[in-house]
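Just so we're aligned, residue 11 is where the sequence shown starts under our numbering, counting upward by one. Backbone N, C-alpha and C define an ideal beta-carbon position, used for all residues, glycine too. Here the structure is a predicted model, which is why all the values come from computation and not from measurement.
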Amino acid sequence: MNTKVKIKISVDILMTITLFVLMCFQYTGNNNHEVAGAAMLILFLVHNILNRNWYKNLFRGKYTAPRMLQTIVDISMLIVMLLQMISGISMSGYVFTFIPFGLRASTARTIHMLCAYAGFLFMSFHIGLHYGMIMTMFKKMLRFQTENKYRIICLRSVAAGIAVYGIYALIKRDFINYITMQIQFAFFDYEEPVIFFVLDYFAIMGTMVFIAYYLQRWLISKNKEVKKRDAGVEH
Numbered sequence: 011m012n013t014k015v016k017i018k019i020s021v022d023i024l025m026t027i028t029l030f031v032l033m034c035f036q037y038t039g040n041n042n043h044e045v046a047g048a049a050m051l052i053l054f055l056v057h058n059i060l061n062r063n064w065y066k067n068l069f070r071g072k073y074t075a076p077r078m079l080q081t082i083v084d085i086s087m088l089i090v091m092l093l094q095m096i097s098g099i100s101m102s103g104y105v106f107t108f109i110p111f112g113l114r115a116s117t118a119r120t121i122h123m124l125c126a127y128a129g130f131l132f133m134s135f136h137i138g139l140h141y142g143m144i145m146t147m148f149k150k151m152l153r154f155q156t157e158n159k160y161r162i163i164c165l166r167s168v169a170a171g172i173a174v175y176g177i178y179a180l181i182k183r184d185f186i187n188y189i190t191m192q193i194q195f196a197f198f199d200y201e202e203p204v205i206f207f208v209l210d211y212f213a214i215m216g217t218m219v220f221i222a223y224y225l226q227r228w229l230i231s232k233n234k235e236v237k238k239r240d241a242g243v244e245h
């Protein structure tokens, strides 16, 4: 594993951890939330610089169904992240007070809340699209030389269990209502132990990773079938 790959992985891990910290507003408080937001902004910029080839190749090559899915998700996530950061900076009363964006407080708050929940789902889905590569990397690190069917069954069962619970947590945490703006203000339970909050959000992320990974696999298999069919017609 070369240095650039190690840096990419480190940045992605830090972004994921920071994402959870940002969602834990009721436990961190406003000032710490802004500091975490500033950290996410820096990590986001570094992530995009490290992956600048994605922008260079955006209009190159053929767009298969798997690539279209990944591109749509990535562009959507980029837009949501930018809106979230602009609205966050606009509302800042601690870190970014020197940057006037001029958004009305109510508008900025609505955008920020909407993008926070949508961004969590998009980033989780984005991780799922790279889940196969992540697992391959961990297999090499842990030196799993051969496939073990019992280990595979066990891991898939755990993943399915997390995904199912994640659907319940998605509803419980009102994600859909926040994203569709049926709820205009964030409501926090300051008495809830942080571990329960984090586990619910981890399960929601697991659900999105699960959906993204298997949807991508299905699209890849369909794309292979189309290629085989086209090759057969040519012959």
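- CA-CA distance, V219 to F30, rounds to 15 angstroms.
- Take the alpha-carbon of S100 and the one of G142: they are about 38 angstroms apart.
- Counting only the Cα atoms, K150 lies some 45 angstroms from A118.
- One thing to note: I230 has its Cβ within 8 angstroms of the Cβ of P76.
- Under the 8 angstroms Cβ criterion, the stretch 190 to 209 does not count as touching the stretch 51 to 63, having fewer than three qualifying pairs.
- Between S134 and M33, the CB-CB gap reaches or exceeds 8 angstroms.
- Rounded to whole angstroms, the Cβ separation of F132 and V83 is 6 angstroms, and the two are in contact under 8 angstroms.
- The beta-carbon distance between I221 and G138, rounded to whole angstroms, is 7 angstroms. This is short enough to meet the 8 angstroms contact definition.
- For the 8 angstroms CB-CB criterion, T107 and Q194 do not form a contact.
- In this structure H57 touches V21 by the C-beta definition: roughly 5 angstroms separates them, less than 8 angstroms.
- Shown here for R183: same chain residues with a beta carbon closer than 8 angstroms to its own, the five before and five after excluded, namely D210, Y211 and I214 in chain order.
- For V90 against G129, the beta-carbon gap comes to about 5 angstroms, under 8 angstroms, which counts as contact.
- DSSP places H43 inside the alpha helix (DSSP H), whose first and last residues are N40 to L60.
- Residue burial is scored here from C-beta neighbours: L68 has fewer than 16 other C-beta atoms within 10 angstroms and is therefore classed as exposed.
- In this structure Y188 is not in contact with L92, their Cβ atoms being roughly 19 angstroms apart against a cut-off of 8 angstroms.
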